[in-house]
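*Asks:*
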Amino acid sequence: MAEDPNTWQQETKLVRGGMARSPYGEISEALYLTQSFAYESASAADKRFSGEEPGFIYQRFGNPTTQMFEDRLALLEGAEQCRATASGMAAVHVALQGLVRTGDHIVAGRALFGSCRWILSELMPRYGVEVTFVDATDIEAWKNAVRPNTKVFLVETPANPLLEVTAIGAVADVAHAAGAKLVVDNVFATPIFQKPLALGADIVVYSATKHIDGQGRVLGGAILGASELMTESYKDLLRHTGPALSPFNAWVLLKGLETLDLRVRRQTENAAKIADAIGAHAKCNQVIYPGRPDHPQAAIIANQMSGGGNVVAFDLGSREAAWRFLDTLAIVDISNNLGDAKSMATHPSTTTHRSMPEAERLSIGLTEGWVRMSVGLEGAGDLTRDVERALDAA
Ligand SMILES: *Cc1c(COP(=O)(O)O)cnc(C)c1O
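According to the working numbering, the sequence shown holds residues 46 to 439 in order.
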């Protein structure tokens with residue numbers, strides 16, 4: 046008897062969603078490493094190309110393994126359609142490019158992943174697309190930034206690196222009143238804890254490199270939304286510009302999804318303990334963690350996130366203290382990635398956010414004392430000991 050996968054629990058969707066078994070009946074999803082596909086006749090090729098008959102044509106357009114990944118993630122997100130990309134940045138770039146033309150205007154939260162900022166402040170203006178950055182926590186600022194040619198709002202929430210949170214529903218209302226689409230970069234929240242489409246967003250993007258792989262192996266990305274918008278905005282763009290995800294990477298990410306819920310929940314339990322240990326230490330000026338009641342946007346978090354996630358940010362007062370902290374860590378790696386099984390910590394102002402002009406860094410509150418930590422799956426006792434020793438040394 047067949048069930049509707051949409052009625053399944055999240056955990057079931059992650060393990061079984063999108064499965065398309067070959068006639069061999071394999072249990073683990075098949076890896077179709079093939080660039081192209083053969084047709085039974087010339088007329089079958091004709092029908093496949095015209096779209097009259099479904100089926101795969103070429104890896105740049107689609108692939109059975111990649112489609113299993115797309116279908117599984119769409120099911121998890123509650124999206125009509127998902128398109129996978131080679132990296133998170135390819136997803137962000139395509140998501141924006143497909144929605145704007147020369148002469149259009151984008152409004153974006155000013156705290157963003159570094160490469161997203163580059164696309165907005167450097168690349169978009171080359172094609173005559175104007176961009177305004179706003180304090181994403183300020184709804185009036187979004188309203189005031191709207192112009193007659195505004196087509197897209199972009200927000201990352203929680204945002205990199207200080208975990209600022211934006212009310213997705215309120216920003217979606219402003220976007221829609223202006224006739225614009227809201228794109229949400231949902232990496233930090235993960236698809237486990239926040240569903241932007243249900244909150245009013247039009248498009249969700251992921252770097253699957255982060256929690257979805259979660260084991261440090263491959264790059265990947267995804268764009269999700271309603272079928273009509275996805276098809277009209279992205280189908281041709283993806284097909285002709287070629288940011289396709291490798292089927293091998295899609296297979297790795299598909300297996301990553303199977304354990305995503307389990308991993309993210311354990312990482313989040315660990316992160317909550319680490320955030321409290323850091324917050325209680327004398328060397329820490331401020332700790333920001335979306336799972337703590339003292340997070341500046343705790344009320345919004347309670348409305349739209351079902352968990353705090355695995356990233357913690359904290360201020361040790363100076364670059365010297367932050368570097369001493371990092372250099373004393375014995376278990377936690379110094380690395381700029383996040384969402385991995387292995388815990389890692391980074392100094393944003395000299396790594397991920399170094400290309401941001403200082404005035405802009407200061408405008409998002411990023412002074413040199415801040416450290417960002419992605420909490421992994423190690424034992425909470427070992428992590429707490431490591432972090433407390435490093436704080437003592439800071
Ligand atoms: C990492 C990241 C990206 C970019 O993803 P890649 O897979 O590295 O290209 C985009 N947005 C956020 C919030 C990220 O953390």
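Yeah, the Cβ is synthetic: ideal placement off N, Cα and C, and Gly gets one too.
Is DSSP giving L279 helix, strand or coil here?
*Replies:* Residue numbering aside, residue 279 sits at position 234 when the sequence shown is read from its first letter. Reading the sequence as shown, one finds Tyr at residue 279 and not Leu. Y279 falls in the helix class under three-state DSSP.
*Asks:* What beta strand (DSSP E) runs, 3 residues minimum, are completely inside the stretch 325–354?
*Replies:* Segments of the beta strand (DSSP E) lying fully in the stretch 325–354: 331–333.
*Asks:* Identify every run of the beta strand (DSSP E) within the stretch 130–215, keeping only runs that are complete inside it and at least 3 residues long; order them along the chain.
*Replies:* Those beta strand (DSSP E) runs which fall completely within the stretch 130–215 and span 3+ residues are 150–154, 175–179, 195–201.
*Asks:* So A320 packs on V357, CB below 8 Å; how close in whole Å?
*Replies:* As a position in the sequence shown, residue 320 is number 275, starting the count at 1. As a position in the sequence shown, residue 357 is number 312, starting the count at 1. Rounded, the Cβ-Cβ distance is 5 Å, consistent with contact.
*Asks:* Roughly how many angstroms lie between the CA atoms of M275 and T373, to the nearest whole one?
*Replies:* Numbered from 1 along the sequence shown, position 230 holds the residue referred to as residue 275. Numbered from 1 along the sequence shown, position 328 holds the residue referred to as residue 373. Taking the straight line joining both Cα atoms gives about 47 Å.
*Asks:* If I follow the unbroken beta strand (DSSP E) through K226, where does it start and stop?
*Replies:* The residue given as residue 226 occupies position 181 in the sequence shown. First-last of the beta strand (DSSP E) with K226: 226–230.
*Asks:* Based on the DSSP secondary-structure assignment, which residues constitute the bridge partners of W415?
*Replies:* The residue given as residue 415 occupies position 370 in the sequence shown. DSSP, once it has assigned bridges, lists D360 as partnering W415.
*Asks:* Which residues bound the alpha helix (DSSP H) around S26?
*Replies:* Residue 26 is absent from the structure shown; the chain starts at 46 and stops at 439.
*Asks:* Per DSSP, what kind of secondary structure is T286 in: helix, strand or coil?
*Replies:* The sequence position of residue 286 within the sequence shown is 241, counting from 1. Note: T286 maps to helix in three-state DSSP.
*Asks:* Answer yes or no: the CB of G266 versus the heavy atoms of ligand 1, is any distance below 7 Å?
*Replies:* Indexing the sequence shown from 1 puts residue 266 at position 221. Yes - ligand 1 has a heavy atom lying nearer than 7 Å to the Cβ of G266.
*Asks:* Just confirm the distance between the C-beta atoms of R14 and Y334, as a whole number of angstroms; I'd bet it's less than 8 Å.
*Replies:* This structure does not reach residue 14, given that the chain is present from 46 up to 439, and the question cannot be answered.
*Asks:* Can we say the stretch 87–97 touches the stretch 261–273, given the rule of at least three CB pairs closer than 8 Å?
*Replies:* These segments do not touch.
*Asks:* So, helix, strand or coil for I268, using DSSP?
*Replies:* Locating residue 268 in the sequence shown gives position 223, counting from the first residue. Here I268 sits in strand by DSSP.
*Asks:* Identify whether R128 lies in helix, strand or coil by the three-state DSSP scheme.
*Replies:* Here residue 128 refers to the residue found at position 83 of the sequence shown. In this structure, R128 counts as strand in the three-state DSSP scheme.
*Asks:* Tell me whether M401 sits in a helix, a strand or coil according to DSSP, three-state version.
*Replies:* As a working mapping, residue 401 is identified with position 356 in the sequence shown. Here M401 sits in coil by DSSP.
*Asks:* Return the CA-CA distance between A89 and Q104, expressed in angstroms with no decimal places.
*Replies:* Mapped onto the sequence shown, residue 89 falls at position 44. Mapped onto the sequence shown, residue 104 falls at position 59. Taking the straight line from one Cα to the other gives about 18 Å.
*Asks:* DSSP on V249, reduced to helix/strand/coil?
*Replies:* For the purposes of this step, residue 249 is taken as residue 204 along the sequence shown, with counting starting at 1. Residue state, collapsed to three classes: strand.
*Asks:* For T52 and A75, which I take to be in contact (beta-carbon distance under 8 Å), what is that distance rounded to the nearest angstrom?
*Replies:* Within the sequence shown, residue 52 is the residue found at index 7, counting from 1. Within the sequence shown, residue 75 is the residue found at index 30, counting from 1. T52 to A75, Cβ: 26 Å. No contact.
*Asks:* What do you reckon, is the C-beta of T254 under 7 Å from a heavy atom of ligand 1?
*Replies:* Translated into the one-based positions of the sequence shown, residue 254 becomes position 209. Yes.
*Asks:* Let me check understanding here. Comparing Cα to Cα, which of R262, G266, D218 lies closest to A243?
*Replies:* In the sequence shown, the residue the question calls residue 243 occupies position 198. Of the listed residues, the one whose Cα sits closest to A243 is D218.
*Asks:* So if DSSP puts T391 in a beta bridge, which residue, or which two residues, is it bridged to?
*Replies:* Locating residue 391 in the sequence shown gives position 346, counting from the first residue. Bridge partners of T391: R417.
*Asks:* Look at the Cβ atom of S132, then the Cβ atom of T286, and state whether they are nearer than 8 Å.
*Replies:* Along the sequence shown, read from residue 1 onward, the residue named residue 132 stands at position 87. Along the sequence shown, read from residue 1 onward, the residue named residue 286 stands at position 241. Result no, Cβ atoms of S132 and T286 do not sit closer than 8 Å.
*Asks:* Skipping 5 residues on each side, what residues in its chain have a beta carbon closer than 6 Å to that of K226?
*Replies:* For the purposes of this step, residue 226 is identified with residue 181 of the sequence shown, where counting begins at 1. L144, V197, D247.
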